[in-house]
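K.L.:
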Amino acid sequence: MKIRSDIVAVYREVHSWAGILAGLFLFVAFYAGAVSMFEQPLQNWLTPPTGLPAPVPLDRTPELMEKTFAAFPEARAHYTVVLAPDRMRPGRLMWPKGPGGHGHGPAVIMAAALAPDGTAVTVTQAPSEAVHFIDELHQKIGLPLPHEVAMPIMGVVALVYAVALVSGVIAFLPALTRTLFAVRLEGGRSRAWLDLHNLFGFFSLPFHVVMAVTSVVFAFHEQIFAVQGHLFHQDRVAHVRIAAMPQAAPLAPRAVVDALARQAPGFVPDTLEYAMRPMGPGGGKLTLRVAGHDVRFGLRGSVSGFATLDPYTGRVISADYLPGRQSTGFAIVTAFFALHFGSYGGAPVRWGYLVLGFGGAFLFYTGNRLWIMARRRSERRRGMATDSRGTWILSRLTLGCTTGCMIGVAVVLVVAAMSSGPVPYAVVSASYYGVFVASVAASFCLAPRMGAPVLLLVAAASNLVLALVAMGRGARGLDISFGIAVTALLVAAGLMVPGWRSLTQMAAGTGER
251 MKIRSDIVAV YREVHSWAGI LAGLFLFVAF YAGAVSMFEQ PLQNWLTPPT
301 GLPAPVPLDR TPELMEKTFA AFPEARAHYT VVLAPDRMRP GRLMWPKGPG
351 GHGHGPAVIM AAALAPDGTA VTVTQAPSEA VHFIDELHQK IGLPLPHEVA
401 MPIMGVVALV YAVALVSGVI AFLPALTRTL FAVRLEGGRS RAWLDLHNLF
451 GFFSLPFHVV MAVTSVVFAF HEQIFAVQGH LFHQDRVAHV RIAAMPQAAP
501 LAPRAVVDAL ARQAPGFVPD TLEYAMRPMG PGGGKLTLRV AGHDVRFGLR
551 GSVSGFATLD PYTGRVISAD YLPGRQSTGF AIVTAFFALH FGSYGGAPVR
601 WGYLVLGFGG AFLFYTGNRL WIMARRRSER RRGMATDSRG TWILSRLTLG
651 CTTGCMIGVA VVLVVAAMSS GPVPYAVVSA SYYGVFVASV AASFCLAPRM
701 GAPVLLLVAA ASNLVLALVA MGRGARGLDI SFGIAVTALL VAAGLMVPGW
751 RSLTQMAAGT GER
């Protein structure tokens, strides 16, 4: 494709500066986002067993509810029937204890079961905040700021990200057929970095377009939801609110599941969440929200779609977030969420997003490295023997922020996995940001030749420790441990190779100055 060289130069300059402005934020977002693709399995992995008796069969749930509500009448106001209990949700019947967790994070819950003699047994379970923190790290692009402050900043970064994508494609088009598969590792360092950057960028372009567009939507979702609710939901909500409350008892959970199966075949419910409406218009009524999944459709949540049912008849009264039953407007909004979350296509898509997330982080790192090397060449041609202040600062930040993020995420998971109980959010946050700040400080304080090998090898070692911890837990029968160990070992190997190369260059006196 023929494009004038001066136009290509302009777009290349725009691409470089947009990438520099957004690159380090996006590295953290993509690396943490890749890990949070398996947020629920990781939460199960980090949750210790409760010692609660085995869940009762679903048909005996009414008996469990009757005995539990007699002992804990406050649970009637908000409780959940779990159809597929696991470590994170160990009881057939659960309800929140006190206020929720940090922000939208996991809350302390009470879980109930029946002992062999038929008496109700309850336990209190406080969840680990580690995985939720990593997901927040992804959402807030690594900023230690309140959610409402970080999200608009994330939206601006996403817009800059989109500019970098468009300008990068235009700058790359003239050389597409000549350089697409020409990864020249035997030449100079800058040529190898450029070829790898172009290769990763071109083949993951659709993924990055999706991430850029959906991130902008998420950044301004409050405004979008307000318009969406006004256009698509107002009449139905009003209709539900004025419906009279039946006098009969709610349907048993088994009957609810059967009724939903008739109305939405293919949708597999996971939880039945009951709640009393607060006082006011329509207040004092029992509501039922069913969370579940359907492999044929994308999901509104990261792991679930939702349906609102009449708890007394089992009739679906709102299918706004029910996979395959949505109106056009809600289906469009759900598509944005599903494409970003990877909540479609099952495990293969999630693993694909994990690889693309790590690959995206690598793409942003290579972009920064290319800019730094180009600046150094320009400065050497002008007779400068050392880096300018701007080049030196960006070089140190690139090394410190990227390795700090990788070390910090590994440390958070190791601390949570080795703790005998749930790790509070404040401890998780302090662990990550302490490691992150220490890595950035080390990148500035260590000699240039020493900074890269030290921090890369520390990052490799932290992931190696995570792999060893996962192997140890795998010996106790936790299925996900093998996947965590393999992933951590691959990350460690990917960091060990450049770290060792930098170390040998330092010993030979040829490393970065």
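So the sequence shown is residues 251 to 763, counted in the working numbering.
Just so you know, even glycine gets a beta-carbon here, dropped at the ideal spot from N, CA and C.
#1: For the region 611-627 against the region 265-275, are there 3 or more C-beta pairs whose distance is under 8 Å?
#2: Among SER552, THR563, PRO561 and VAL708, which one has its Cα closest to the Cα of TYR571?
#3: State the start and end residues of the unbroken alpha helix (DSSP H) segment that holds GLY609.
#4: Which value, in whole angstroms, describes the spacing of the CA atoms of GLY722 and ALA742?
#5: Tell me whether GLU379 is buried or exposed, calling it buried when 16 or more other Cβ atoms sit within 10 Å of its Cβ.
#6: How many Å lie between PRO748 and GLY609 at the Cα?
#7: Answer yes or no: do VAL373 and LEU302 have a C-beta to C-beta separation smaller than 7 Å?
#8: Looking at the unbroken alpha helix (DSSP H) that takes in GLN513, where does it start and where does it end?
#9: Pull the bridge partners of GLN375 from the DSSP assignment, please.
#10: Give the DSSP-derived three-state secondary structure of ALA717 in the structure shown.
#11: Mind reading off the beta-carbon distance from LEU745 to ALA710? Whole number of angstroms is fine, and I expect it under 8 Å.
#12: Are GLY548 and VAL466 close, meaning C-beta to C-beta below 7 Å?
#13: Count the other CB atoms within 10 Å of the CB of GLU386; is the residue buried (16 or more) or exposed (fewer)?
#14: Please return the same chain residues whose Cβ sits closer than 6 Å to the Cβ of ALA502, not counting the five positions on each side in sequence.
#15: For GLY701 versus SER712, is the C-beta spacing smaller than 7 Å?
#16: Tell whether a beta-carbon distance below 7 Å holds between ALA363 and THR318.
#17: Are there 16 or more other CB atoms within 10 angstroms of the CB of HIS265, so buried, or fewer, so exposed?
#18: Determine the burial state of VAL335: buried for a count of at least 16 other Cβ atoms within 10 Å of its Cβ, exposed for fewer.
#19: May I ask you to verify whether the region 632-651 touches the region 303-310, counting CB pairs closer than 8 Å and requiring at least 3?
#20: Looking at the structure shown, is PRO519 part of a helix, part of a strand, or coil, going by DSSP?
#21: Assuming contact is defined by CB atoms lying nearer than 7 Å, are PRO377 and PRO356 in contact in what I supplied?
#22: Count the C-beta pairs between the region 621-638 and the region 683-690 that are closer than 8 Å, then say yes if the count reaches three, no if not.
#23: Note down, in chain order, each residue of its chain lying with its Cβ closer than 7 Å to the Cβ of VAL673, except the 5 sequence neighbours on either side.
#24: Measuring straight from C-alpha to C-alpha, what distance separates ASP508 and SER554?
#25: To which residues of the same chain is ALA282 closer than 8 Å at the C-beta, ignoring the five residues directly before and after it?
#26: So, are the CB atoms of ALA462 and ALA412 less than 7 Å apart?
P.N.:
Checking against the coordinates, here is how it stands:
#1: yes
#2: Position 321 of the sequence shown holds residue 571. Of the candidates SER552, THR563, PRO561 and VAL708, the one whose C-alpha sits nearest the C-alpha of TYR571 is SER552.
#3: Locating residue 609 in the sequence shown gives position 359, where the first residue counts as 1. Where GLY609 is concerned, the enclosing alpha helix (DSSP H) stretches over 597-631.
#4: As a working note, residue 722 is residue 472 in the sequence shown. As a working note, residue 742 is residue 492 in the sequence shown. So the two alpha carbons sit approximately 17 Å from each other.
#5: Stepping through the sequence shown from its first residue, residue 379 is reached at position 129. Counting Cβ neighbours within 10 Å, GLU379 comes out buried, since at least 16 surround it.
#6: The count along the sequence shown starts at 1 and reaches residue 748 at position 498. The count along the sequence shown starts at 1 and reaches residue 609 at position 359. In a straight line, the C-alpha of PRO748 is about 16 Å away from that of GLY609.
#7: Taking the first residue of the sequence shown as 1, we reach residue 373 at position 123. Taking the first residue of the sequence shown as 1, we reach residue 302 at position 52. It is a contact, given that the beta carbons lie within the stated cut-off.
#8: Translated into positions along the sequence shown, residue 513 becomes position 263. Here the alpha helix (DSSP H) through GLN513 covers 503-513.
#9: Stepping through the sequence shown from its first residue, residue 375 is reached at position 125. Paired residue(s): ILE359.
#10: Locating residue 717 in the sequence shown gives position 467, where the first residue counts as 1. Helix at ALA717.
#11: Stepping through the sequence shown from its first residue, residue 745 is reached at position 495. Stepping through the sequence shown from its first residue, residue 710 is reached at position 460. Confirmed, Cβ separation roughly 4 Å.
#12: The residue given as residue 548 occupies position 298 in the sequence shown. The residue given as residue 466 occupies position 216 in the sequence shown. No, Cβ-Cβ distance for GLY548 and VAL466 is not below 7 Å.
#13: Stepping through the sequence shown from its first residue, residue 386 is reached at position 136. Flag for GLU386 reads buried.
#14: Within the sequence shown, numbered from 1, the residue matching residue 502 stands at position 252. The answer, listed in chain order, is PRO312.
#15: If you number the sequence shown from 1, residue 701 lands on position 451. If you number the sequence shown from 1, residue 712 lands on position 462. Cβ distance not < 7 Å, so GLY701 and SER712 don't count as in contact.
#16: For the purposes of this step, residue 363 is taken as the residue at position 113 of the sequence shown. For the purposes of this step, residue 318 is taken as the residue at position 68 of the sequence shown. Taking 7 Å as the Cβ cut-off, ALA363 and THR318 do not qualify as a contacting pair.
#17: The residue labelled residue 265 in the question sits at position 15 within the sequence shown. Buried, by the Cβ-count rule.
#18: As a working mapping, residue 335 is identified with position 85 in the sequence shown. The question names Val, but residue 335 is Pro in the sequence shown. Buried: at least 16 other Cβ atoms inside 10 Å.
#19: no
#20: Within the sequence shown, the letter at position 269 stands for residue 519. Strand, per DSSP.
#21: By one-based count along the sequence shown, residue 377 stands at place 127. By one-based count along the sequence shown, residue 356 stands at place 106. Yes, the Cβ-Cβ distance between PRO377 and PRO356 is below 7 Å.
#22: no
#23: Numbered from its first residue, the sequence shown carries residue 673 at position 423. Cβ within range, chain order: SER378, GLU379, ALA380, VAL665 and ALA666.
#24: On the sequence shown, residue 508 is found 258 positions in, with the first residue counted as 1. On the sequence shown, residue 554 is found 304 positions in, with the first residue counted as 1. If you take the alpha carbons of ASP508 and SER554, they lie about 19 Å apart.
#25: Locating residue 282 in the sequence shown gives position 32, counting from the first residue. Contacts found: ILE384, ASP385, LEU387, HIS388, GLY392, CYS655 and VAL659.
#26: Stepping through the sequence shown from its first residue, residue 462 is reached at position 212. Stepping through the sequence shown from its first residue, residue 412 is reached at position 162. Yes.
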